[in-house]
Amino acid sequence: MLSFGISFVLCYIVGTLYPLYASYKALSTPGTKDDAQWLTYWVAYGGLTSLEGIVQSVFMYFPLYYELKLVGLIWLMAPQTKGAQLLYDTFINPFLTQHAAKFDPIFATTKLAIDNAQVDKLVAMAQQYGPEITRTAISQAAVQLQRQSESGEFGQKMAQSAPFNQKASQPANFNQRPQQPAGYNQNARPMRI
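Quick note, in this note's numbering, the sequence shown goes up one by one and the last residue is 814.
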């Protein structure tokens, strides 16, 4: 059994980083067979990741969850097992084929929102001004941080913003009653519903 951190990172590397690089390599080759394999993987991975987002809060507490997920990811991408193709042919394609009429209007609206002249202008502005604004903001932040660290102001601000810094030297008084909100009547009878 691997630790949570190791198995989580391995799932990320095996499930995302390696397929990303393999997809890049597949797109660089002249044939389309490997392109189809990795596109099918990403469709299956996207479907499983969407499903996992819904049920992960329950399954993540099961012992060996991430180890089993790691094995499943390897099965999904391995060309020997063709797991992604099997998952696509057995579950994803029939489901999407059956419900495509429901999904098409949703994604048509999304496409209209993306293929909008205002979005094109926004993207053009971001491409034109974004890099310079980012460089300026980073350089100004670096200069300000340098000034604050030289004057000692940075350490003071960090100490002031530290959690639990107010009255940290005074012990908590648990015998004192909490202050009640305005309009609170201690003698009022509870409301019946």
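Even glycine gets a Cβ: it sits at the ideal position worked out from N, Cα and C.
- In this structure the region 713-723 does not touch the region 679-690; the number of beta carbon pairs closer than 8 Å is below three.
- With contacts defined as CB atoms closer than 9 Å, A699 and T661 fail to qualify as a contacting pair.
- In this structure, DSSP gives Y682 a state outside helix and strand, which the three-state scheme calls coil.
- Residues D656 of the same chain have their beta carbon placed closer than 7 Å to that of L648, with the five preceding and five following residues left out of the count.
- The beta carbon of Y687 lies closer than 6 Å to those of S628, F629 and C632 in the same chain, with the five residues before and after it left out.
- Cβ-Cβ distances below 7 Å link V664 to Y709 and I713 in the same chain, with the five nearest sequence neighbours on each side left out; the list follows chain order.
- In this structure L694 touches V635 by the C-beta definition: roughly 5 Å separates them, less than 8 Å.
- In this model, L743 and T757 are separated by some 20 Å (Cα to Cα).
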